[in-house]
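Structure first, then comments.
Protein chains: 2
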Amino acid sequence: MTSSSVSTAETPPGYSDILAAAKRLAGKAVVTPLLESHALNARAGGRILIKPEILQRTGSFKFRGAYNRLGLIPAEDRAAGVVAFSSGNHAQGVAAAAALYGMPATIVMPADAPAIKIANTRGYGAAVELYERGSASREARAEAIAAKLGATVVRPYDDPGIVAGQGTCGLEIAAQADALGAQLDTLLVCCGGGGLASGCAIAFAEVSPATKIYTVEPAGFDDTRRSLTAGERLANAPGQASFCDALLAPTPGALTFSINQRLLAGGFAVSDAEVAAAMAYAFSVLKLVVEPGGAVCLAAVLAGKLDTRGKTVALTLSGGNVDPETHAKAVAAGSV
Amino acid sequence: MTSSSVSTAETPPGYSDILAAAKRLAGKAVVTPLLESHALNARAGGRILIKPEILQRTGSFKFRGAYNRLGLIPAEDRAAGVVAFSSGNHAQGVAAAAALYGMPATIVMPADAPAIKIANTRGYGAAVELYERGSASREARAEAIAAKLGATVVRPYDDPGIVAGQGTCGLEIAAQADALGAQLDTLLVCCGGGGLASGCAIAFAEVSPATKIYTVEPAGFDDTRRSLTAGERLANAPGQASFCDALLAPTPGALTFSINQRLLAGGFAVSDAEVAAAMAYAFSVLKLVVEPGGAVCLAAVLAGKLDTRGKTVALTLSGGNVDPETHAKAVAAGSV
């Protein structure tokens, strides 16, 4: 069986792949709205357009890439199912997509993932294999399971089908901003491995090339920001910690970085305290539930990492899968 | 000075007043989206369309009525400002609208209102006068202040200008459902004094007359439900309690009931436990922050108060102004 390596070659997807993904996702994914808050605009001194992927099926943008990628699996390989490794949002995306295609799914997840992510992944019908973070490579583990089952490994970001699926989010942002008569100066994208950023960048290169695109990452896990500056893929220093569980990828993806290096303007990093403040702001002003990793772009705006005065800025809230205790703690800490 | 009684005569607004309100609100109020969740649809066995007025300016639908009503104040009365009495959402709506018109505002609020509502009302620049709930009539107090200042009293619901403003919410729901190709069997509206329900009912009578409209109220404060059944305005029994602070009006409004009696199909009541479960569901599945009073319609659907199987149902999430502790407590209690 070679299905685990199907179409994961490092060929970047093109704009046409994103259009095909959008067609595949129609009626399956949510066309999330583009929101605007008078209060946030006033605070930023500009126009901030919010893409709440927290409202996406499975509570994060990851469903887009997963559903698109699974749709690319050849008919003869579908019965053997899929295997994924993920800290939780890709897990839910793959599990929900697999259920819709009627394919079995096995997901390798860290044992310390948020309880809501593990429960939801199981809830979509997937088998979950927990591992201790920091132990044997989760990729190797997923590959071993896939080899045994003859299943297809669905990588979280470094895969053209995943990138194309995430690109549909960028496609929607551009069209929705256009419908509002807004010319986007800047797009901020939450970044772990770089799948959402690279997908959005490919879409924007076609439909809104003048918009400058930046990643936002947790401080200490700002490998993409540093790599963009250095011009090569750099790893995060060991021993870092952040409660942005969704954004702890060790290095930029090879495929995603090749795209991001070409198309992005740079990156920002935010502290956990800045993220907690953004979660509190989302709660009390925007009335949205955002998980730590999903709040980094809002944190960048609120903390003044970029000059938003007189600018039109779109930002992603990439996910909302957060345990109630973690959320309440962040809202309390971030409100002071 | 007679400005405190300006245009509060009991003449119901018509459809044209709602269209005029929509024009007045354009660019000032948020056109909140109509959201849909695969998970909620699956659970309800039907199609549930969510109107999240939590995303409205000031965090509740009340801004609609307030901004519209203040726009109807004659030019010569504006400098003297407005006075309102409110448990908190109307307070914020009037305060924010007054700031936009450059009018001074004084708001009479119960001392036990959620801290976020008092703080936000002050934040919009209004003077806040607190009173002990159960003490002297808040209406009398507001009238006394208005008489002293020569200001206009802006009632929370029993006013044609308020009802017309809230009706713009119904106008949007009908148009947005239409754009989705959805024929609404049912519309559920959160109900305190009946302003939102009556406004939506006038709009729907014109644009979607086949839709059955129901109020949802907290148990013990289901005066509108009981009044609709009895055919006359009934008061709530004394000594009741509910944490739905926004929906504790003692009786249906005279104006609003005259409309609701003619146009509504009936009402439902939900317990505080059912409301907490809805707040928890909104948090964990919908990723939305909803205050207790804003969650009653969702509670009615989740608790099976009506048969949603095979039906298309729109519901309002009327407000999201809730203190973090109250929210966390409800999410914890509602998750079990």
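Which chain is which? The protein sequence lines are A and B, in order.
Quick note, this note's numbering runs 814 ahead of the 1-based positions in the first sequence.
Quick note, this note's numbering runs 814 ahead of the 1-based positions in the second sequence.
All residues carry an ideal CB built from backbone N, CA and C; glycine is no exception.
For this session: Please decide whether Pro-847/A counts as near chain B, where near means a Cβ-Cβ distance under 8 angstroms.
Result: yes
Exercise. Where do the ends of the beta strand (DSSP E) carrying Leu-1162/B lie?
Worked result: This structure gives no information on residue 1162/B, because the portion of chain B shown stretches from 815 to 1150.
Problem set entry | Leu-839/A at chain B interface by Cβ criterion, 8 angstroms | no
Exercise. Counting along the chain, where does the alpha helix (DSSP H) carrying Leu-1078/A start and finish?
Worked result: Run containing Leu-1078/A: none; DSSP gives neither H nor E here.
Exercise. What's the C-alpha gap between Asp-831/A and Ala-1015/A?
Worked result: Just so you know, the alpha carbons of Asp-831/A and Ala-1015/A end up roughly 13 angstroms apart.
Problem set entry | CB contact flag (Thr-1029/A, Phe-1018/A, <8 angstroms) | Contact flag unset, no.
Problem set entry | Residue-chain proximity (Leu-869/A, chain B), Cβ-Cβ < 8 angstroms | yes
Exercise. Per the contact definition of three or more C-beta pairs closer than 8 angstroms, is the region 871-885 of chain B in contact with the region 944-958 of chain B?
Worked result: Remark: fewer than three beta-carbon pairs, one from each stretch, lie closer than 8 angstroms, so the region 944-958 of chain B and the region 871-885 of chain B are not flagged as touching.
For this session: Specify, as a first and last residue, the run of the alpha helix (DSSP H) that Phe-877/A falls within.
Result: 876-885
Exercise. DSSP state of Tyr-938/B, grouped into three classes?
Worked result: Of the three classes helix, strand and coil, the one that applies to Tyr-938/B here is coil, per DSSP.
Exercise. Looking at C-beta atoms only, is the number of pairs between the region 1002-1011 of chain A and the region 1130-1149 of chain A that lie closer than 8 angstroms three or more?
Worked result: yes
Exercise. Can you find a CB in chain B that lies within less than 8 angstroms of the CB of Gly-873/A?
Worked result: For Gly-873/A, the nearest CB of chain B lies under 8 angstroms from its own CB, placing it at the interface with that chain.
Exercise. What does Gly-1134/A reach in chain B if we use C-beta pairs closer than 7 angstroms?
Worked result: Neighbours of Gly-1134/A on chain B, chain order: Lys-1101.
Problem set entry | Under 9 angstroms by beta carbon: chain A residues contacting Pro-1138/B | Ala-1094, Phe-1097, Ser-1098, Ala-1142, Val-1145, Ala-1146, Ser-1149
Exercise. Expressed to the nearest angstrom, what Euclidean distance is found between the alpha-carbon atoms of Thr-982/B and Thr-825/B?
Worked result: If you draw a straight line from the Cα of Thr-982/B to the Cα of Thr-825/B, it is about 18 angstroms long.
Exercise. Can you find a CB in chain A that lies within less than 8 angstroms of the CB of His-852/B?
Worked result: His-852/B belongs to the set of residues whose beta carbon lies under 8 angstroms from a beta carbon in chain A.
Problem set entry | C-beta neighbour in chain B for Ile-921/A, strict 8 angstroms | With respect to chain B, the C-beta atom of Ile-921/A has no partner C-beta closer than 8 angstroms.
Problem set entry | Interface residues of chain A facing Ile-930/B [CB-CB closer than 8 angstroms] | Ser-1098
For this session: Quick one: give me the first and last residue of the beta strand (DSSP E) that Ile-1027/B is part of.
Result: 1026-1032
For this session: Going by CA-CA distance only, name the one from Ser-1056/B, Glu-1020/B, Pro-1023/B, Ser-1022/B that's closest to Asp-1036/B.
Result: Ser-1056/B
Problem set entry | Secondary structure of Leu-1129/B, DSSP reduced to three states | strand
Exercise. In three-state DSSP terms, what is Asp-871/B?
Worked result: The residue you asked about is not Asp; residue 871/B is Arg in the sequence shown. Three-state result, Arg-871/B: helix.
For this session: Let me know if Gln-997/A comes out buried or exposed under the rule of 16 or more other beta-carbons within 10 Å of its beta-carbon.
Result: Using a 10 angstroms sphere on the CB of Gln-997/A, the tally of other CB atoms stays under 16, which defines it as exposed.
For this session: Measuring alpha carbon to alpha carbon, tell me which of Glu-1046/A, Thr-1038/A, Tyr-1095/A, Leu-1062/A ends up nearest Gly-1080/A.
Result: Thr-1038/A
Exercise. In its own chain, which residues sit with a C-beta less than 6 angstroms from the C-beta of Val-1103/B, not counting the 5 before and 5 after it?
Worked result: Gly-1134
Exercise. Around the C-beta of Thr-1043/A, are 16 or more other C-beta atoms found within 10 angstroms, so that it is buried, or is it exposed?
Worked result: With fewer than 16 Cβ atoms within 10 Å of its Cβ, Thr-1043/A is classed as exposed.
For this session: Give a yes or no on contact between the region 851-867 of chain B and the region 886-893 of chain B, applying the rule of three or more CB pairs nearer than 8 angstroms.
Result: no
For this session: Closer than 7 angstroms by C-beta to Gln-990/B: which residues in its own chain qualify, once you throw out the five before and the five after it? Chain order, please.
Result: Leu-848
Exercise. DSSP state of Thr-1122/B, grouped into three classes?
Worked result: coil
Exercise. Can at least three beta-carbon pairs, one atom from the region 958-968 of chain B and one from the region 1057-1067 of chain B, be found at a separation below 8 angstroms?
Worked result: The count of Cβ pairs closer than 8 angstroms, one atom from the region 958-968 of chain B and one from the region 1057-1067 of chain B, stays below three, leaving the stretches out of contact.
For this session: Assign Pro-974/A to buried or exposed, taking buried as 16 or more other Cβ atoms, counted over all protein chains shown, within 10 Å of its Cβ.
Result: buried
For this session: Please confirm if the region 1084-1098 of chain A is in contact with the region 1112-1120 of chain A, defined as three or more CB-CB distances below 8 angstroms between the two stretches.
Result: With the cut-off at 8 angstroms, the region 1084-1098 of chain A and the region 1112-1120 of chain A touch.
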